[in-house]
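So for the sequence shown, our numbering puts the first residue at 69; every next one is plus one.
A short write-up of the structure that comes next.
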Amino acid sequence: MPDNQLYVVATPIGNLADITTRAHQVLELVDIIAAEDTRHTKRLLNHLGINKPMMAAHDHNEAYAATSILEKLNAGLNVALVSDAGTPLIADPGFHVTQEVAKAGFNIVPVPGPCAIITALCAAALPTDRFIFDGFTPPKSGARQQFFNSIKNEERTVVVYESPHRILDSLKDLEAVCGSDKEVVLGRELTKTFETFLRGTISEIQAMMEADSNQLRGEFVMMIRGAPSKKKMDVSQEALDLVLLLSEELPLKTAAALAARYTGFKKNQLYQLALESKDS
Ligand code: SAM
Numbered sequence: 069m070p071d072n073q074l075y076v077v078a079t080p081i082g083n084l085a086d087i088t089t090r091a092h093q094v095l096e097l098v099d100i101i102a103a104e105d106t107r108h109t110k111r112l113l114n115h116l117g118i119n120k121p122m123m124a125a126h127d128h129n130e131a132y133a134a135t136s137i138l139e140k141l142n143a144g145l146n147v148a149l150v151s152d153a154g155t156p157l158i159a160d161p162g163f164h165v166t167q168e169v170a171k172a173g174f175n176i177v178p179v180p181g182p183c184a185i186i187t188a189l190c191a192a193a194l195p196t197d198r199f200i201f202d203g204f205t206p207p208k209s210g211a212r213q214q215f216f217n218s219i220k221n222e223e224r225t226v227v228v229y230e231s232p233h234r235i236l237d238s239l240k241d242l243e244a245v246c247g248s249d250k251e252v253v254l255g256r257e258l259t260k261t262f263e264t265f266l267r268g269t270i271s272e273i274q275a276m277m278e279a280d281s282n283q284l285r286g287e288f289v290m291m292i293r294g295a296p297s298k299k300k301m302d303v304s305q306e307a308l309d310l311v312l313l314l315s316e317e318l319p320l321k322t323a324a325a326l327a328a329r330y331t332g333f334k335k336n337q338l339y340q341l342a343l344e345s346k347d348s
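In structure tokens:
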């Protein structure tokens, strides 16, 4: 391991077997581990059979932690930065530390691994080709509704972290802004014993939670299906169907041109949408 590098190490979000081989090696080899909560990380290190000096690096001491980490790096030591669970800096502390370490010209090495956003998305059965992540939803209802309003017309899948105490209120606020038919997936207790995915409209999910209060427990990732593509809404389904019908007998470009003359929609737009529709 080269000297004086900062390793940003992802740790499990529930299932300890999800620690990567490389994360394990790095935690074994570094000189000191900077942790969001040293007692919490100690449990992971005990499980891995690692006994290392540790220091605290959390939201309330990031400036001090950055200075202290820089001293260690200047002394030629290697430092690992970890958070309580998952990938540091993702809705977790670490930004200030990495900013100062980069400014000072030291190497920052990512050691990738679990992250609740990606874990949730890969089994949500929602579109994942484009998505946005917006951290935790605001704790107060007014601000939360404002937030939901700001993503109401978002076409990409929206991912947020949500606390178990607020999950029902949050669904209520989302319903007030986007309507009860908005489609949501809740990933709960990911990688743990009671891992669950609730998929459906807001009202369906509310009913599932009412029927089984266990569904309110644990940690949540909330994923909201994006709004229908505006591009598609600009063209009527009938016009698109017409292009697709004509294209059974004619080249697609000709079909789009004829349908454009008949419907008044733009030829290029009809052509592009028909192409996308055929591809999918
Ligand atoms: N850095 C972490 C990551 O990489 O995902 C996230 C830390 S953030 C402080 C903690 C939030 O992430 C939880 O409140 C929950 O919304 C989400 N989360 C973390 N672990 C989870 C799990 N096992 N199942 C569902 N959500 C989880």
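Ideal placement from N, C-alpha and C gives every residue a C-beta, glycine not left out.
heavy atom of ligand 1 below 7 angstroms from residue i C-beta
| i | result |
| --- | --- |
| Val165 | no |
| Cys246 | no |
| Tyr229 | yes |
| Glu235 | The question names Glu, but residue 235 is Ile in the sequence shown. It does not: the Cβ of Ile235 is nowhere closer than 7 angstroms to a heavy atom of ligand 1. |
| Ser238 | no |
| Val289 | yes |
| Asp241 | no |
| Ala159 | yes |
| Thr264 | no |
| Glu130 | no |
| Leu326 | no |
| Ala85 | no |
| Cys190 | no |
| Ile219 | no |
Three-state secondary structure assigned by DSSP to residue i
| i | result |
| --- | --- |
| Phe262 | coil |
| Thr79 | strand |
| Met123 | strand |
| Ile273 | helix |
| Val94 | helix |
| Leu157 | coil |
| Thr89 | helix |
| Ser315 | coil |
| Ser248 | coil |
| Asp347 | helix |
DSSP beta-bridge partners of residue i
| i | result |
| --- | --- |
| Gln337 | Note: Gln337 sits in no beta bridge, so no partner. |
| Arg267 | Val253 |
| Gln73 | Asn175 |
Endpoints, beta strand (DSSP E) assigned at residue i
| i | result |
| --- | --- |
| Glu251 | 251 to 256 |
| Asn326 | Here the sequence assigns Leu to residue 326, which means Asn is not the residue at that position. Leu326 -> not in any beta strand (DSSP E); alpha helix (DSSP H) instead, spanning 320 to 331. |
| Asp149 | Rather than Asp, the amino acid found at residue 149 in this sequence is Leu. Leu149 -> beta strand (DSSP E) spans 147 to 150. |
| Ala102 | 100 to 103 |
is_contact[residue i, chain D] using C-beta, thresh 8 angstroms
| i | result |
| --- | --- |
| Pro70 | This model lacks chain D altogether, as it is built from one protein chain only. |
Host alpha helix (DSSP H) of residue i (start-end)
| i | result |
| --- | --- |
| Ile137 | 130 to 142 |
| Leu116 | 106 to 116 |
Just list the alpha helix (DSSP H) runs in the stretch 285 to 313, keeping only unbroken ones of 4 residues or longer that don't cross its boundaries, in chain order. With a minimum length of 4 residues, the continuous alpha helix (DSSP H) runs that stay inside the stretch 285 to 313 are 298 to 301.
Scan the stretch 160 to 243 and note each continuous beta strand (DSSP E) run of 3 residues or more that stays entirely inside, going in chain order. Runs of the beta strand (DSSP E) lying entirely within the stretch 160 to 243 and spanning at least 3 residues, in chain order: 175 to 179, 199 to 204, 225 to 230.
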